[in-house]
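J.: All residue numbers for the sequence shown refer to the working numbering, where the first residue is -13 and numbers rise by one. Using N, Cα and C, we set each Cβ at its ideal position, and we do this for glycine too.
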Amino acid sequence: MSTAVADVVVEDALPADEPGGRRANLAANLVQLARKPVFLLAGLYVLFVVVSAFRPKLFTAQDPYETHPEAAAQAPGVHHLFGTDIYGRDLWTRVLYGSPLTIKATLIALAIALVAGLGLGIVAGFFGGIVDAVLMRGIDVLLAIPGLLLALSIVTALGYGTVPVAVAVGVAIVPGFARTTRAEVLRVKTLPYVEAARAGGASWGRVLLRHILPNSWGPVAVLAVLDAGVAIIAIASLSFLGFGAAPPAAEWGTLIADGRNYLVTAWWLSLLPGLFVALLVLGLNHISKTLQELTR
């Protein structure tokens, strides 16, 4: 039997939760998502934050660095949704202009984690044996170190700034992607349609690209959404500790740190930026949980 014929036979025999069935169920999944109001709200909020990260001028016309001493530490109101800081700068504007730094750092961290984690997980799960044992023992060592502590150690070695923070956080979340990818590759590699493809004459390279990788991507994608929230918290935490962009850049962690000395007299300086970040992380967690339910 030729490779092309084998692929047709395998795909025709796939159950509903395999590649052919997934295409058929895509519309049904979208309908399910549309019926979940909390998921829609979470998605809209995440979309708003992402858009504001690249086009903050769409949501505010004020300058994030322009000071107004006469309006210092004003409470939230109609003209200043999040109030003003101790220099009279509009806090809502500074939060929005802080989005690009944190979101772009998160994207860099996720890209590093995906590339490195997928590569390690695929190699370990696909080849197995001594390769799997060596790579996974290295991953176990990284898992034994708390993620924030590992990121803190790396950023201390690399230096301060948004990019070093993103690299440090990306390396810290690699082990989770590697473990998840390895587990999925091991699971999919033993399924009947993979064995049928091999029996039909398909090479291991073709089986990996055509069958194993597409069917291992679901849990990894869910983890990517979940770890986006983890990366945001880690990046904000490192910025809070002073490892992020230098002032007057308005990173989220820096904004929260700037207001910690005024919690009694100007509570909004830390609380509202913190609430903005918390809602984003909760939204990403809810999206991740919903997608996980659909991929089961």
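What would DSSP say about D71, mapped onto helix, strand or coil?
T.: coil
J.: Counting Cβ pairs, one atom from each stretch, are 3 or more of them under 8 Å apart for the segment 88 to 95 and the segment 211 to 229?
T.: Because the criterion of three Cβ pairs below 8 Å is met, the segment 88 to 95 and the segment 211 to 229 touch.
J.: Which partner residues does A76 have in the DSSP bridge list?
T.: Here residue 76 is Asp; the residue named in the question, Ala, does not match the sequence. In DSSP, D76 forms a bridge with T70.
J.: So which of L199, I131 and A217 has the shortest CA-CA distance to G105?
T.: L199
J.: Check the C-beta distance from G230 over to T148 and give it rounded, since I have them as a contact under 8 Å.
T.: The Cβ separation is near 6 Å, so the contact holds.
J.: Short of 6 Å in beta carbon distance, which residues of its chain neighbour A264, apart from the five on each side in sequence? Order them along the chain.
T.: none
J.: Measure the alpha-carbon distance for P205 versus R168 and round it to whole angstroms.
T.: 11 Å
J.: Excluding the 5 residues flanking G63 on each side, which residues of the same chain have their C-beta closer than 8 Å to its C-beta?
T.: G69
J.: So G156 and A119 are supposed to be a Cβ contact under 8 Å. How far apart are they, rounded?
T.: Rounded, the Cβ-Cβ distance is 25 Å, inconsistent with contact.
J.: Measuring CA to CA, which of V216, Y73 and P42 is closest to P234?
T.: Y73
J.: Please name the residue, chosen from R192, E237 and A154, that lies closest to G84 on a Cα-to-Cα basis.
T.: E237
J.: May I ask you to check if the CB of V32 is nearer than 7 Å to at least one heavy atom of the ligand FAD?
T.: Ligands are entirely absent from the displayed structure, and the ligand FAD is therefore not among its contents.
J.: Assuming D213 is part of the alpha helix (DSSP H), what are its boundary residues?
T.: L199 to F226
J.: Using 8 Å as the Cβ pair cut-off and three pairs as the minimum, do the segment 240 to 248 and the segment 163 to 178 touch?
T.: no
J.: V117: buried (16+ other C-beta within 10 angstroms of its C-beta) or exposed?
T.: exposed
J.: From H54 to W254, what distance separates their C-alpha atoms?
T.: 18 Å
J.: Out of P132, L144 and R80, state which residue places its alpha-carbon closest to the alpha-carbon of V216.
T.: P132
J.: By alpha-carbon positions, which one of L135, L121, L44 and D76 ends up nearest to L227?
T.: Looking at L135, L121, L44 and D76, the one whose alpha-carbon comes closest to that of L227 is L135.
J.: With H, G and I counted as helix, E and B as strand and the rest as coil, what does DSSP make of Y248?
T.: helix
J.: Quick one: complete beta strand (DSSP E) runs, 3+ long, within the segment 79 to 158?
T.: none
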